[in-house]
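Read through the structure below, which is laid out as structure tokens, and then see the notes.
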Amino acid sequence: MARPRILTDEQRRKRKRTEEKRRRQRQREKNIKIGFCVYCNNKAIPTLKSCFSHWLREKSSFYLGTRTRWKELLDMLESQEYKCPFTGVLLVPGDNASIDHIIPKSKGGTNDIINLQWVDFKYNTIKNDMSNDEFMDYIKMLYERNIK
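The sequence shown maps to residues 1100 to 1247 in our numbering.
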């Protein structure tokens, strides 16, 4: 008859970490299925796997280098009244709300909050690496060429 295997403290810790990781993964998958945020038990944005505050934290991490400054992005979105500065289109988090660099990083712009603005995703894609002034000139040229 085989004797039961005796685990060292390190092996027990490793097994416990692995089990905890699996448990968290199962909970995340369950939350996704029932429409909850993968990080908390709040309702997720329908098109995403996270709630509004965790979505903002992810944006903050990417653009501002830390998840803790997410309220600055919220304040900016609220000060813009959830509207695109170019079109006036309502910005919907998880749908068309996108962060744009006023002065593109390719032209010396930074990730400072004063150089960021919320815009409609489609227009941010078109704007690409243009400054706001260059983008407006481009729109005027398109208008004049196609409407007149």
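Built from N, CA and C at the ideal position, the CB exists for glycine as well.
Here the structure is a predicted model, which is why all the values come from computation and not from measurement.
DSSP places F1234 within a helical segment (H, G or I) once states are collapsed to three.
Residue state for L1215 is assigned as strand, using DSSP reduced to three classes.
Residue environment for L1155: buried (at least 16 other C-beta atoms within 10 angstroms of its C-beta). Put simply, the backbone Cα of T1209 is about 17 Å away from that of V1218. Here the stretch 1157 to 1173 does not lie against the stretch 1114 to 1133, with fewer than 3 beta-carbon pairs under 8 Å apart.
The beta carbon of N1130 lies closer than 6 Å to those of V1137 in the same chain, with the five residues before and after it left out. When only Cα atoms are considered, R1125 and E1118 end up about 11 Å apart. With respect to N1214, I1198 sits apart: the two C-beta atoms are not nearer than 8 Å. In this structure the stretch 1223 to 1235 does not lie against the stretch 1164 to 1173, because fewer than three pairs of beta carbons, one per stretch, are closer than 8 Å.
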